[in-house]
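Structure record follows, encoded as structure tokens.
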Amino acid sequence: MSRKLWRMFGLAIAVCMAALLVSCGGATSAPISGGTGLGEVVVTVTPATLEVKTGTMQTFTAVVDNTSIEGVQWQVNGIPGGGGDIGTIDKDGNYTAPQFVPIPANVTITAVANADNTKHGNASATITGTLFPATVIMSPTTAALQIGTQVKLAGGVIGPADTTVVWQVNGVPNGNSTVGTITPGSHNTAVYTAPATVPNPPTVTIKAVSHAEPDKSASCPLTISVQAPTVATVTLTPVVAVAQAQTSFTFTADVINDSDDSVYWEVNGDTGGSQTYGTIASEGGGTGVYTAPVTVPLDSNRVSIKAISNGQPSRSSSAILSISAPPPLGVSVTIAGGTSVQIGSSLSLTASVQNAPTQDVTWQVNGVTGGNAIYGTIVPLSGNTDQATFYPPAQVPPQETVVVSAIPAANPQIAGTIPITIELAPVTVTVRPSKLQLGITQQAEFTASITNLSNQDATWYVGQGKSFVQGGNATLGTISPSSNANVVTYTAPAAVPANPTVVVKAVSEGVPSAYGTATVTIGLNPVITVEITPSDPQHVQVNDSVGPYSALVSGTDDQDVFWYVCSDSKTCYQDGNGVLGTMIPYPDDFSKELYLAPPVVPNPATVYVEARSQFDPTAVSNLDAITIQNEQQQPQVKIDPLPYPLLPGGNESVNATVTGIQDRTINWSLSLPGGGTCTAETCGTVSPVQTDNAPTTYTAPQTILQDPYTVNITATSNSVPSAHDTAPIVITQDAEAFVAISPAQPDPIQAGSGNRITFNLKVTNAPPDTIVNWTLGCISEADDGQWCGKPFSNKGDEIGCLFGADGNKHCSSGDKSLNQAGNLAVEYGPPPKLGTVFSPNVCASQPDENGDGFIPLGVVMNAGNCPNGICRAQVCIEVTPGNKVLVRPLP
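The working numbering numbers the first residue of the sequence shown as 153 and each following residue consecutively.
As structure tokens, this is what we get:
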């Protein structure tokens, strides 16, 4: 048979086989039991609903349609194989109910198709039978109270369906006047009021008793005293709670008997929680917002929530929260990234959204979208919101751990969270000079520089190996003073020790675990050494400076040095040169020097700075490397102009300029100079909080705690948060009024065009409808606010006209003006032709050679809190010649 016939025969067989498969059901994707036909995988679980008694087994069956792969993976409440509290299920679908009825009692059995793990079927099982033994939870568990005062109580029961409690004091329902009384509230809360006199004994017992099982209770011993106690009491509400995975629940903590009523929060012993057991964010006012993890923890669906007094960390209160399962294969989100960050650095985070069509998320820090100056800010990557950078605040917040949340656009009701602990940069101690040679009895000065700590004092030791003596001794040399100092004098011993090298150690008195050392080699003869700082590699742009540099000369009292700039360790030039850069005196301290980079990057681009003792030029310092770079404009934010002082309740526009980047978006925030929480009552408000090449409006608080009162406003670049600027806003009853015309720099207008420019007036620290006087000409330049001559010919055909909001027109540069309320706009219309009579004014000394001219537009407001009673503002209107000269009709 020919090859062509064989190919035709093979094709015929293939077609017939395909027909048989379709017509005879040979393909396993054919519908069964009323399936959907060829299409998506469908999973059906039977029985769909039922009750299962505790400790018994029930078999579930899964049927998978439209695929030849029939296997499934079984889950209970989204957990593969289930768990002890909710029951377990094996690979064959055999479900074993737990020993006790879980909370909640309903569990979801899920079969996930092996053929397509995005397809699943569910069944609902209600667990009945043996309940958890009643466990009563109460807050507080110990307390102290002054006579006649009150404390909040909270109780709850885990186990029975009836979770209510009843209250007792010393066995008396709700107490009495002798032992104190309890007033029950809603949701298992109550208020205990201490009696008017101290009972005998002074300690009473408050009990929360299970209503369903009266033999189960929790108690709180409470001590009553005449004077206010000093031991804090913490009450946490509620003490029993349930939250579904990736949803939130709010707790409240009340602290009494301490001036600091704030708390920090833990989940299962971790401050701020964890991604395994859930996170909790401190949002101020004793509020903690708990967010459950993505899935129910494998070891237990219950977590412990604890509120701990910041003022007295030994005092706390706890609650129990049960985590219920998320919807099977519902939207979920997880965050990957570090869980700690040092102040001054940043942290990259990535959110991953499962079972959703989009990865878009919204980022929050402690519940604040984008964060703020207290908790830190988070900036999403432009065009890719699932990636973001977290920038910690300038100070460690009251609760050192903050919670970053990613809220998916696909389901804003849930959130993925990650706790991030804000840490201070590590404290380091540097002793300089770090290495020294001295002769016997020779003296040298040592300095300790302590970073990231305000306390710069150190305790000083001298030693060898592991043996150190505070202040040293006659054998190794002595140090004076030996404590509470960052600058000391070391005196070498009278004889060279057996081991001539000794170690000088400075231990930080603020953080004793931090220390720095220097080595001293003792010889018979005096030695002169020079050490310069900074000594770490520097980078500088062309025509810019770096430093200042200082030199420490040891072995002589003469501290004078010569400064050199070197191309390498051997080729050096005193004071430098035009190619390598030069050394110049530091203006603030002539004992120090600045390095000034040349206008062109040298080859090679790295140069070196050194100092040589003038007393002994052979004593040469260490080299410090400086790399010169071409000019690179760094992103900068500047608040300009600076905000004016405001009256309480007043407002003003605040503008910030952004340079060095194209993105002009600014995030605005407020803070208090001394720290503390900003609210509308304490800081005022800023709106909008984000602007794009536009000003924001700051509104001062209605009342101030002191006069004057200061609030800081910060403008932060949205794309480069390290670029920011802060300006103070002073709020005082003595704030002066001022006016500002907008636009401040109007576009030119053509004579005879018939166009108009609209001007508005911003009145600050005075009623916005205060009557103001609009004028053309130089009237606004006069100290007394009166007409200052005739710079123009008093005719509208040469200066133009002002049009008021009521239709009135003013076309004179004389002492007449257009009077109206300050919150009403005016319009300027140019003359039909450009005038030729100009008088010197602040806008232009004379028309330019092309005949263009500037016309001043001024406004005057009389108010008691204006400077000298008069507020003025002025702008310049450029009027250009028209192509056609229009003639005004004769009146």
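The beta-carbon is built from N, C-alpha and C at its ideal position, and this holds for glycine as well.
Here the structure is a predicted model, which means the values were calculated and not measured.
**Request:** Can you tell me which of the three DSSP states ASN246 falls into?
**Result:** strand
**Asked** By Cβ distance, which residues of its chain are closer than 7 Å to LEU748, with the 5 residues on each side in sequence left out?
**Response** SER697, GLY733, THR734, ILE736
**Asked** Excluding the five sequence neighbours on either side, which residues of its own chain have a C-beta within less than 6 Å of the C-beta of THR811, listed in chain order?
**Response** GLN788
**Asked** Can the beta-carbon of SER469 be found closer than 9 Å to that of LYS458?
**Response** yes
**Prompt:** Exposed or buried, what is GLY178 when buried is set at 16 or more other beta-carbons lying within 10 Å of its beta-carbon?
**Reply:** Because GLY178 carries a pLDDT of 36, less than 50, the predicted location of this residue cannot be relied on, and the following value inherits that uncertainty. GLY178 should be labelled exposed.
**Asked** Under a Cβ-count criterion, where at least 16 other Cβ atoms within 10 Å of its own Cβ denotes burial, should ASP314 be classed as buried or exposed?
**Response** exposed
**Request:** Assign GLY234 to one of three DSSP states: helix, strand, or coil.
**Result:** strand
**Request:** Would you list the residues sitting across from HIS876 in a DSSP beta bridge?
**Result:** THR868
**Request:** Consult DSSP for ILE299 and reduce its assignment to one of helix, strand or coil.
**Result:** coil
**Asked** Which first and last residues belong to the beta strand (DSSP E) in which THR611 is found?
**Response** 610-616
**Request:** Report all residues from its chain with a CB closer than 6 Å to the CB of GLN494; omit the five preceding and five following residues, and keep chain order.
**Result:** GLU575, ALA577
**Item:** Residues bridged to ILE255 [DSSP beta-bridge criterion]
**Value:** Its beta-bridge partners do not exist; DSSP assigns none.
**GLY1021 - DSSP class collapsed to helix/strand/coil** = helix
**Asked** Any idea what DSSP makes of ILE923, helix, strand or coil?
**Response** strand
**Request:** On the DSSP bridge assignment, give the partners of ALA703 in chain order.
**Result:** ILE684
**Prompt:** Quick one: what's got a C-beta closer than 6 Å to HIS962's C-beta in the same chain, skipping five residues either side?
**Reply:** LEU954, LEU970
**Message:** For GLY981, tell me which candidate among GLN1026, VAL394, ILE901 has the shortest Cα-Cα distance.
**Reply:** ILE901
**Request:** Taking all protein chains shown into account, decide if VAL639 is buried (16 or more other Cβ within 10 angstroms of its Cβ) or exposed.
**Result:** exposed
**Asked** What separation, rounded to the nearest whole angstrom, lies between the Cα atoms of ASN975 and TYR850?
**Response** 18 Å
**Prompt:** Three-state secondary structure (DSSP) at ILE574?
**Reply:** strand
**As assigned by DSSP and simplified to three states, the class of ILE951** = helix
**Asked** Any chance the segment 349-365 sits against the segment 376-388, with 3 or more Cβ pairs inside 8 Å?
**Response** yes
**Request:** Please list the segments of the beta strand (DSSP E) lying wholly inside the segment 598-670, counting only runs of 3 or more residues, in order along the chain.
**Result:** 610-616, 619-622, 629-632, 639-643, 653-660
**Item:** Element boundaries [beta strand (DSSP E), containing LEU819]
**Value:** The sequence given here places Asn at residue 819; Leu does not occur at that position. 817-823 is the extent of the beta strand (DSSP E) around ASN819.
**Message:** Please state the DSSP three-state secondary structure of LEU450.
**Reply:** coil
**Prompt:** Just the Cα atoms here: how many angstroms apart are PRO254 and PRO285?
**Reply:** 11 Å
**Asked** Would DSSP call ASN229 helix, strand or coil?
**Response** coil
**Message:** Quick check on ALA348: buried or exposed, where buried means 16 or more other Cβ atoms within 10 Å of its Cβ?
**Reply:** exposed
**Message:** Just to confirm the assignment, what range does the beta strand (DSSP E) spanning ASP741 have?
**Reply:** 741-748
**Prompt:** With a Cβ-Cβ cutoff of 9 Å, do VAL318 and MET290 count as a contact?
**Reply:** no
**Prompt:** Out of THR240, TYR247, ALA267, VAL228, which has the shortest C-alpha to C-alpha gap to ASP217?
**Reply:** ALA267
**Item:** Rounded C-alpha distance that separates LEU798 from THR669
**Value:** 53 Å
**Prompt:** In this structure, does DSSP put LEU676 in helix, strand or coil?
**Reply:** coil
**Asked** Where does VAL1031 sit, in a helix, a strand or coil, going by DSSP?
**Response** strand
**Whole-Å CB distance - THR330 paired with VAL343, under 8 Å assumed** = Not really, about 18 Å apart at Cβ, beyond 8 Å.
**Asked** Relative to the alpha-carbon of SER400, which residue among THR809, THR439, PRO366 has its alpha-carbon at the smallest distance?
**Response** THR439
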